[in-house]
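Novice: Residues 14 to 368 in our numbering are what the sequence shown spells out, letter by letter. Dropping the structure in here first, questions after.
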Amino acid sequence: MSANDAPRAQQPSAPYDSAFLKACRREPVPHTPVWFMRQAGRSLPEYRKVREGVGMLESCMRPELVTEITLQPVRRHGVDAAIYFSDIVVPLKAIGVDLDIKPGVGPVVEHPIRTRADLAQLRDLTPEDVSYVTEAIGLLTRELGATPLIGFAGAPFTLASYLVEGGPSRTYENAKAMMYGDPELWADLLDRLADITAAFLKVQIEAGASAVQLFDSWAGALAPGDYRHSVLPASAKVFEAVAGYGVPRIHFGVGTGELLRLMGEAGADVVGVDWRVPLDEAARRVGPGKALQGNLDPTVLFATTEAVEAKTREVLDSAAGLEGHVFNLGHGVMPSTDPDALTRLVEYVHTHTAR
């Protein structure tokens, strides 16, 4: 059944009974659900076609374009969930932070936050600031029918890293210097970003998102003690702010094997795991009461079909004893990935795990 085939009268409640949301709730599923981080993006020729001549931030502010891009992998791959097409810096741009996403570089901030006076750049986010998000999600939920839509946002630490560094970094020396050298300013920065992030997630949930994911992409740069003391409180504030909506909350970072239990403690219902830690070991680290998401190495998709299936079986076997498992890659789809490899992977997981 396609996303558009579900009877219209059933659509408002249909996503609740989807395999994806059942797995997030640790309920029995007809098959292991699959979706991919960055599934709507550069690996798809249809994406590259509709994005021709349109900047990244501008594309995130066009509801009809967002809708088309978000739907593309659902149509092509038959994934069990769509993820809203956007970028983690969109809420910062929406409140007036002077930034741009430069091709080949990433987000670049014109005036990095280095002093307490610089916090003035970060005002509260209102629904009116991102009215295009509400419009796009309205369009999407009507098209998706029974297929759930995942909303998302960048976690306070990752957003702070961009804001303090002024752009992408491998060492995070400025961000860590603030964290260690001016802990009060650091705490105030993350607390303000937590409010902005929570407001952005609330807009998405209230517009119709069935689940949300908090991307703490750079949290793996932290030692567990620093994460617990200087980062976890802000992430926990975000998760607590949206707890009342009853939608599953997913927490993901890269290189976070040593932080998995703490990331679960922050309030997630589902903990995303990258490819470095087997899922059975990840479950031991996270502890009971959480579903897991992951965790095929994205580079495996460049190998033969037989190799992809063998590595996929390893992931599924590792997840066999979990309370809930959402199959995903251990990071985002790489731009040069063959889209047909993703389509075959979805079909293989569905077939191999059919109950």
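Yeah, the Cβ is synthetic: ideal placement off N, Cα and C, and Gly gets one too.
Helix or strand or just coil, what does DSSP make of residue 96?
Specialist: Strand.
Novice: Please name the residue or residues paired with residue 304 in a DSSP beta bridge.
Specialist: Residue 304 is bridged to 283.
Novice: Closer than 7 Å by C-beta to residue 107: which residues in its own chain qualify, once you throw out the five before and the five after it? Chain order, please.
Specialist: These residues qualify, in order along the chain: 138, 142, 143.
Novice: State yes or no: is the C-beta of residue 49 within less than 8 Å of the C-beta of residue 92?
Specialist: Cβ atoms of residue 49 and residue 92: closer than 8 Å.
Novice: Leaving out the 5 sequence neighbours to the left and right, which residues in its chain are closer than 6 Å to residue 347 when beta-carbon positions are compared?
Specialist: These residues qualify, in order along the chain: 311.
Novice: Please confirm whether residue 239 and residue 192 have their CB atoms less than 8 Å apart.
Specialist: Cβ distance < 8 Å, so residue 239 and residue 192 count as in contact.
Novice: May I have the straight-line CA-CA distance separating residue 28 from residue 161, to the nearest angstrom?
Specialist: C-alpha separation (whole angstroms): 5 Å.
Novice: Measure from the alpha carbon of residue 130 to the alpha carbon of each residue in 233, 320, 201, then state which is nearest.
Specialist: The candidate whose alpha carbon is nearest that of residue 130 is 201.
Novice: What are the start and end residues of the alpha helix (DSSP H) that includes residue 151?
Specialist: Per DSSP, residue 151 belongs to the alpha helix (DSSP H) from 144 to 157.
Novice: Tell me the DSSP secondary structure of residue 164 in three-state form.
Specialist: Three-state DSSP puts residue 164 in a strand.
Novice: My understanding is that residue 315 touches residue 280, with C-beta atoms under 8 Å, so please give their C-beta distance in whole angstroms.
Specialist: In fact, because the Cβ distance is near 36 Å, the residues do not count as touching under 8 Å.
Novice: Closest by CA to residue 233, which one among 223, 189, 198, 255?
Specialist: Closest by alpha carbon: 189.
Novice: Is the beta carbon of residue 218 closer than 8 Å to that of residue 164?
Specialist: A contact, by the Cβ cut-off of 8 Å.
Novice: When we look at the beta-carbon of residue 62 and count the other beta-carbons within 10 Å, is it buried (16 or more) or exposed?
Specialist: By the 10 Å Cβ count, residue 62 comes out exposed.
Novice: What residue does the beta strand (DSSP E) around residue 113 start on, and which one ends it?
Specialist: Residues 112 to 115.
Novice: Take residue 176 and list the residues in its own chain whose beta-carbon comes closer than 7 Å to its own, dropping the five residues that flank it on each side.
Specialist: Only 122, 125, 126 meet the Cβ criterion.
Novice: Comparing C-alpha positions only, which one of 236, 337, 90 sits nearest to residue 358?
Specialist: The candidate whose alpha carbon is nearest that of residue 358 is 90.
Novice: Can you name, in chain order, every residue of its own chain whose Cβ lies under 6 Å from the Cβ of residue 211, other than the five neighbours on each side?
Specialist: Within the same chain, residue 211 has close Cβ partners 251, 254.
Novice: Below 8 Å on the Cβ atoms is my contact criterion, and I expect residue 203 with residue 228 to pass it. Report the Cβ-Cβ distance as a whole number of Å.
Specialist: The pair is not a contact, with the Cβ atoms about 15 Å apart (cut-off 8 Å).
Novice: Residue 100 and residue 114 look like a contact to me (Cβ under 8 Å); what is the Cβ gap, rounded to whole Å?
Specialist: Confirmed, Cβ separation roughly 6 Å.
Novice: Rank 295, 158, 247 by C-alpha distance to the C-alpha of residue 270 and give the top, closest one.
Specialist: Cα-wise, what sits closest to residue 270 is 295.
Novice: Do residue 284 and residue 292 count as a contact pair if the criterion is CB distance below 8 Å?
Specialist: The answer is no: Cβ separation not under 8 Å.
Novice: Which residues share a DSSP beta bridge with residue 264?
Specialist: Paired residues: 227, 284.
Novice: Could you tell me the distance, in whole angstroms, from the CA atom of residue 120 to the CA atom of residue 185?
Specialist: Cα to Cα, the separation comes out at about 15 Å.
Novice: Is residue 242 helix, strand or coil when you go by DSSP?
Specialist: In this structure, residue 242 counts as helix in the three-state DSSP scheme.
Novice: Closest to residue 118 by CA distance: which of 287, 319, 181 is it?
Specialist: Checked all of 287, 319, 181; the closest Cα to residue 118 is 181.
Novice: So, at 7 Å on beta carbons, what are the nonlocal neighbours of residue 53 in its own chain, with the 5 sequence-adjacent residues on each side left out?
Specialist: Excluding positions up to five away in sequence, the list reads 60, 82, 83, 85, 86, 96, 98.
Novice: Within 10 angstroms of its Cβ, does residue 262 collect 16 or more other Cβ (buried), or is it exposed?
Specialist: With 16 or more Cβ atoms within 10 Å of its Cβ, residue 262 is classed as buried.
Novice: Run through DSSP, which three-state label would residue 119 get?
Specialist: The answer is strand: DSSP assigns residue 119 an E or B state.
Novice: Alpha carbon to alpha carbon, what distance is there between residue 334 and residue 300?
Specialist: Cα-Cα distance, rounded: 13 Å.
Novice: Which stretch, first to last residue, makes up the beta strand (DSSP E) that contains residue 170?
Specialist: Element bounds for residue 170: not the beta strand (DSSP E) but the alpha helix (DSSP H), 169 to 178.
Novice: So the candidates are 32, 34, 33, 116; which of them puts its Cα closest to the Cα of residue 69?
Specialist: That would be 116, whose Cα lies nearest to the Cα of residue 69.
Novice: For residue 51, which residues from the same chain have a beta carbon less than 7 Å from its beta carbon, with the 5 sequence-adjacent residues on both sides left out?
Specialist: Once the five neighbours on either side are set aside, the close Cβ partners of residue 51 are 345, 346.
Novice: Which of the three DSSP states is assigned to residue 42 in this structure?
Specialist: Coil, per DSSP.
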